[in-house]
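Just so you know, the protein sequences line up as chains A and B, in that order.
Here the first sequence stands for residues 0 to 230, where the numbers follow numbering that gives the first Met the number 0.
Here the second sequence stands for residues 0 to 369, where the numbers follow numbering that gives the first Met the number 0.
Here a beta-carbon is modelled for each residue, glycine too, at the ideal position from N, C-alpha and C.
All of these numbers come straight from a predicted model, not from anything done at the bench.
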Amino acid sequence: MSPLLSSAEADALRLSLEVATRSVAFSLPLAVLAAWVLTRVRFPGRTLFDAFVHLPLVLPPVAVGYVLLLLFGTRGPLGGWLHAHFGIQLPFTTGGAALATAVMTFPLMVRAIRLSLENVDRGLEAAARTLGAAPLDRFLTITLPLMLPGILAGAVTAFAAGLGEFGAVITFAANIPGVTRTLPLALYTAMQSPDGDALALRLAILSFVLGLGGLLAAELLVRRVRRLLGR
Amino acid sequence: MLQVSLTKRRGEFTLSAAFAAPTPGVIALFGRSGSGKSTLIEMLAGLLPPDEGEVQLAGTTLTDTRRGIAVAPERRRIGYVFQDARLFPHMTVGGNLRYGEKRAGAAPRYIRFEEVVELLGIGALLGRRPHQLSGGERQRVALGRALLSQPQLLLLDEPLASLDAARREEVLPYLERLRDWLSIPMVYVSHQFDEVLRLATYLVLLEAGRVLAAGPVGDLSLRAELRSVLAPDLVGSVVDGLVTAVDAAAGTVELAVGSGKLKVSLREAPAGTRVRVQLLARDIILATQPIQGLSVRNALLGTVVDVTPEDPTSVLVKVDVGGPVVLARISTAALEALRLRPGDAVWALVKAMSTRGHAFRLFGAPARRA
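Here's what the structure looks like:
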C-alpha cells in the first residue's frame, strides 16, 4: 500500500504496467517478423498484408475488441481450440487485456521497426556474406543490432501507448477490478460515479506522467543506442 | 589459374566476358566506368548470379550455370574489399577484423591476426569505431578484415576510388606488400592506369561489357586496344628490369633491361629486385647514331620492329631493345628525315628523371617476411 496511491489506484497502475509489458513481450518478435516480411519479401498480396497490419490504427478500438471476442471467445474458432488444448481462456482475463493491447499497438511497433530495417545498409549484409556468414548468422550479428534503435523505439512507444488502451480492452476483457481494470478503465469508472471527480483527476495526472515518462525514456534510449552504433 | 566466362544482361547493357589469368598475381580489370568491371567482380564473388557462364579458381568450379553449380558467397572463400569499405558500424576495428576470422572455419589459415595488424599498420586503431577512422584507415581495416577470413582469392573493387591522392598513397604500399609477401591471388578493379601499373601482373581490358584484350601488363602495353582507352600522354611500353646498381644519394637505380642498362628514379630497391618501368612514348627520343654530349643518360640500342601511324602528324615506332620492346612517339616529319624502316638499328634515349620505377618482388617463391 503506497502512501501516495490508494489501493484502487495502485491496482490500476500495476495492471496497466503488467498488461503493457505482456503485450510488448508478446508482439515484439511478431512485429520484427512482420517488418522483415514487409521490407524484404516480395510476394503477391503484400499490399493487402501491409493494410491488414495497419488496420488497428484506423478501426474503432471497440470493433477490434469485438472481433477478438468473436475469434477468441470460448466458442470462437481460436478461443475454443486454445481452451480445449491448453485450458487457456482469454476474454475477461488480464491475458486477454494484454492480447487486445498487443493487437492495438502492433502497427506502431511494426512502423518503427520497419523504418529502421529499411535504413540498414544491405551492403553491410553482403560484406558479412563474403566473410562467411550464413543467413541466420548475418541476421543476428549484423541486421538485428543495426535495427536495435528502431526496435527499442517501437517497443517503448507501444508500451507507453499500451498503458492507456481502452476500447479494445473493455470490449474484449471487460472492466473487472484487479483483473482488467487498467488506468484508463479506472479513470472511466471514476468519471461515471457521482463522487469520483477527485479520483478521476488523480488518475488522469498519473496517466499523463506515465505517458510523458515513457516517450522521454524512448528518446533517450534510442539516442544512447545510436551513439553506441556510431551514428 | 582463374578462368572466367560470364554473361549478364541488365536492361540495355550486356556483359559478356571471358578470360583465363594465371594465379597468384594481381589481375587488373581495367576500363572506363560503365564498362562492366563491377558487375563482373560481383559475379566472381557470387553476390550477383550470372545469366550464363562459368567461374573456375585453381581447378574448383564456383559457378557453372549449365551444371547448376552456384557456390554461395559465404562458402566461396573469396574476400571482397568494397569501394566504400563497408565496415560494421556497431563493432570496433578489432571486432570487424575478427568477424571474418571467426567464420573461416576449417579453411587453411595462412595469416594470423597479429600478422595482419602488423602488415597493415593498424595496431593503434583496434579499439576505435569505424566512424572515427580516416578514409585510408578504413580501407586498410577492410583489407585486413577480408584477409583474416583466409580467402583463396581477394577481390578489390576500386578500393582507392573514394580517396584523395594523399590517402591513396596511404593504402597503395600496403597493397604492394600483400602482393609481394603473401602469394594470394587478387582481382583489382580500377579505372586509374597508374594503379594498374603499380600493382597488376595481368591485365584484362574491358570496354562496353566485352574483353577488349587480356594478357601480362607488358604485352598489353604494346597493343593498340590499350592505347585506344588511354590518354595519349599515358601511352608507353611497360618493361621489366633487374636492379644492378643503387645510387642511394641520387635516388636512382640502374636496371638491366634487355641488352642495355637504364637509370630510373626509385628508392628502396636493393640489387636483384625486379622493377617495372613504364617508358612513356612521348619521352623517348630516337637517334640513328650514338650521341655524345647530351644530358640524357639512358640510351638503349635496338632495332625498329614496326612503325604505326597514330594521327596525321605523329607515328609510334616499336623498337626491340634485346627482348623488351620500347614505344617511341615521333613526328611524321622526323620519321621521313630519319628514313626509319623495320630492321634499322636505332638508339632509344630515355630521360632518367621522367621515368618512375615500381618494385616487384619475384612471384612464385613464398617471399614471406623473415
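Bridge partners of residue i, per DSSP?
i	result
B/Leu14	B/Lys7
B/Phe359	B/Arg273
B/Gly240	B/Val274
B/Pro308	B/Val314
B/Ser330	B/Ser313
B/Leu285	B/Ala347
B/Val252	B/Val245 and B/Val263
B/Asp156	B/Val188
B/Gln151	Note: B/Gln151 sits in no beta bridge, so no partner.
B/Pro215	B/Tyr201
B/Ile26	B/Val186 and B/Tyr201
B/Asp232	B/Asp232 is not bridged to any residue.
B/Val325	B/Val318
B/Gln2	B/Ala19 and B/Gln55
Indicate the three-state DSSP secondary structure (helix, strand or coil) for residue i in the structure shown.
i	result
A/Asn174	coil
B/Arg209	strand
B/Arg179	The residue asked about is misnamed: residue 179 of chain B is Asp in this sequence, not Arg. The answer is helix: DSSP assigns B/Asp179 an H, G or I state.
B/Met185	strand
B/Ala369	Caution is warranted here: a pLDDT of 31 is assigned to B/Ala369, below 50, making its placement in the model unreliable, and the coordinate value is therefore given only provisionally. Residue state, collapsed to three classes: coil.
A/Leu228	coil
B/Ala199	coil
A/Ile204	helix
B/Asp246	strand
A/Asp120	coil
A/Glu8	helix
A/Leu220	helix
B/Asp163	coil
B/Gly301	strand
B/Leu279	strand
B/Leu293	coil
A/Arg110	helix
B/Arg222	coil
A/Arg13	helix
A/Gly213	helix
B/Gly342	coil
A/Ser26	helix
B/Leu146	helix
B/Thr354	coil
B/Gly135	helix
B/Ser227	helix
Whose Cβ in chain B lies nearer than 9 Å to the Cβ of residue i?
i	result
A/Gly122	Phe81, Asp83 and Arg85
Mind listing the chain A neighbours of residue i? Cutoff is C-beta to C-beta under 9 Å, in chain order.
i	result
B/Leu132	By Cβ distance, chain A contributes nothing, its closest Cβ being about 10 Å from B/Leu132, past 9 Å.
B/Leu241	Result: empty, since nearest Cβ-Cβ is about 38 Å, beyond 9 Å.
B/Ala44	Ala125, Arg128 and Thr129
B/Gly78	Thr129 and Leu130
B/Arg144	Ala126 and Leu130
How about residue i and residue j: are their beta carbons less than 8 Å apart?
i	j	result
B/Arg296	B/Glu309	no
B/Gly214	B/Ser34	no
A/Glu8	A/Arg128	no
B/Asp50	B/Lys7	yes
B/Gly257	B/Val320	yes
A/Leu123	A/Gly149	no
B/Leu152	B/Val186	yes
A/Leu68	A/Phe165	no
A/Ala101	A/Ser22	yes
A/Pro106	A/Leu184	no
A/Thr93	A/Ala160	no
B/Ala141	B/Val92	no
B/Leu43	B/Leu154	yes
B/Asp106	B/Gln149	This sequence places Ala at residue 106 of chain B; Asp is not what is there. It is a contact, given that the beta carbons lie within the stated cut-off.
Please list, in chain order, the chain B residues whose beta carbon lies closer than 7 Å to that of residue i.
i	result
A/Ala132	Glu73 and Arg102
A/Pro144	His89
A/Ile141	Phe87
Taking 7 Å as the cut-off, does the CB of residue i come closer than this to any heavy atom belonging to the ligand ZN?
i	result
B/Val245	The ligand content of the structure shown is nil, which means the ligand ZN is not present either.
Please compile the residues from chain A whose C-beta is within a distance smaller than 7 Å of the C-beta of residue i.
i	result
B/Gly99	Leu130 and Gly131
B/Ser148	Leu130 and Gly131
Runs of alpha helix (DSSP H) lying entirely within the stretch 30-100 of chain B, each at least 4 residues, in chain order: 36-44
Pick out the complete alpha helix (DSSP H) segments inside the stretch 31-100 of chain A, 4 residues or longer, and give them in chain order. 45-57, 60-71 and 76-85
Give, in chain order, every unbroken run of the alpha helix (DSSP H) that is at least 4 residues long and sits entirely within the stretch 124-199 of chain A. 134-137, 143-161, 166-172 and 182-191
Output the residue ranges of the alpha helix (DSSP H) runs that lie fully inside the stretch 105-133 of chain B and measure 4 residues or longer, sorted by chain position. 112-119
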